[in-house]
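Below is one structure; the comments refer to it alone.
Residue numbers (our numbering): 13 to 225.
Right under this line is the structure:
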């Protein structure tokens with residue numbers, strides 16, 4: 013159901029012979045229970061996909077993230093459900109990013125109010141195939157919209173996220189300069205690793221490359 017409240021997720025692959033994008037498998041997710049449109053991320057080989065459902069249900073729009081994997085079944089190759097990352101805060105799934113091999117995942121929830129109005133939060137999972145693996149979690153100050161955008165390095169060790177309403181210039185009230193925050197996943201915790209300051213436009217998006225250092 014491709015309505016404004018339903019949405020759909022579809023995958024395509026490039027057909028070199030026909031020089032067209034060909035549909036890959038059936039629709040991965042359909043339905044009116046959530047806008048499956050907000051954020052999508054692919055693993056490096058394109059075999060695993062994660063997508064956000066930031067308004068899954070309820071007045072607070074808790075949201076969630078779904079993960080699917082391409083399976084080459086002999087009779088009917090198609091997308092197989094791998095994991096559900098259930099809501100941890102309002103708007104969860106507004107931004108998502110997978111590691112290169114698709115086993116690590118970072119999720120942004122920019123409207124999380126746990127640390128103040130629209131403080132936003134970011135949660136990173138080091139092993140999404142293990143439902144009992146503890147997540148790595150970080151949340152920051154009010155009115156910063158942390159997790160507006162997220163990115164993960166190829167090996168999944170480094171995460172970056174945008175905080176477009178962060179007031180970097182302390183001499184100007186409500187400056188909304190914006191900042192990109194970066195941290196490394198180490199062991200069972202996530203330790204702040206580095207920070208880079210930018211303008212509002214720069215903090216609205218985040219990206220990491222193969223070796224960020």
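Think of the CB as a built atom: it goes at the ideal place given N, C-alpha and C, for glycine as much as any other residue. These numbers come from a predicted model, not from an experiment.
An exposed status is given to residue 27, since fewer than 16 other beta-carbon atoms sit within 10 Å of its beta-carbon. An exposed status is given to residue 32, since fewer than 16 other beta-carbon atoms sit within 10 Å of its beta-carbon. In the DSSP assignment, residue 120 is bridged to 107 and 134. Residue burial is scored here from C-beta neighbours: residue 80 has at least 16 other C-beta atoms within 10 angstroms and is therefore classed as buried. CA-CA distance, residue 65 to residue 197, rounds to 25 Å. In the same chain as residue 90, and ignoring 5 residues on each side of it, the C-beta atoms closer than 7 Å to its own belong to 37, 38 and 83, in chain order.
With 16 or more neighbouring CB atoms inside 10 Å of its own CB, residue 193 falls in the buried class. Distance from the Cα of residue 137 is smallest, within the candidate group 117, 21 and 191, for 117. Close CB contacts of residue 59 within its chain, under the 8 Å cut and outside five residues either way in sequence, are with 81, 82 and 114 (chain order).
In the DSSP assignment, residue 40 falls outside any beta strand (DSSP E) and carries neither an H nor an E.
CA-to-CA, the gap between residue 119 and residue 41 works out to about 19 Å.
In terms of CA proximity to residue 77, 107 leads the group 107, 162 and 166. Going by C-alpha positions, residue 85 is about 31 Å away from residue 75.
Its chain contains 94, 95 and 115 as the residues whose beta carbon lies nearer than 8 Å to that of residue 141, once the 5 sequence neighbours on both sides are disregarded; these appear in chain order. Non-local C-beta neighbours of residue 167 in its own chain, meaning closer than 7 Å and more than five positions away in sequence, comprise 111 and 112, ordered along the chain. For residue 93, the enclosing beta strand (DSSP E) stretches over residues 90-97.
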